[in-house]
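To start, the structure under review is shown below, and the notes come after it.
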């Protein structure tokens, strides 16, 4: 079973090759909601030399969602922000009429990044564009869809 979770990594030295992965905002809630250590799991799936990134629009989205939120959800937003603080910030901004998801797709394509998300529509779009996606499987572990970029 463990071998199945690491599909599409054949021929890649996971400990030497630096792998960059953009984290979507919903992905940052996984540790709180499901008790999965996303950083440890990302290293397991993508290798020890994994570089976790968030974009400025993702951080802005978290801040925007937090405005006027109920106290319980504010706590969750605060937790997601702490997870985001453990990542490098990729300085990018939305382009004319672009959504946060569209910017994530654009940056992933332009920079050759993998993306970590649980958004099914975003996953479909990324897959169609040839971008590899890491997602939560069975509420217990992360899995890679596609090949490591």
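Residue numbers (the working numbering): 1 to 149.
Glycine included, every Cβ here is placed at the ideal spot set by N, Cα and C.
Using the Cα positions of residue i and residue j, report the straight-line distance between them to the nearest angstrom.
i	j	result
residue 103	residue 68	25 Å
residue 108	residue 22	7 Å
residue 87	residue 51	8 Å
residue 73	residue 117	20 Å
residue 63	residue 57	10 Å
residue 114	residue 34	22 Å
Skipping 5 residues on each side, what residues in its chain have a beta carbon closer than 7 Å to that of residue i?
i	result
residue 125	105
Assuming contact is defined by CB atoms lying nearer than 7 Å, are residue i and residue j in contact in what I supplied?
i	j	result
residue 112	residue 132	no
residue 148	residue 19	yes
residue 129	residue 100	no
residue 142	residue 134	yes
residue 90	residue 53	yes
From the DSSP secondary-structure annotation, give me the bridge partner or partners of residue i.
i	result
residue 53	22, 88
residue 134	116, 144
Give me the Cβ distance between residue i and residue j, rounded to the nearest whole Å; I'm assuming they're in contact under 8 Å.
i	j	result
residue 79	residue 32	5 Å
residue 84	residue 59	6 Å
residue 26	residue 119	6 Å
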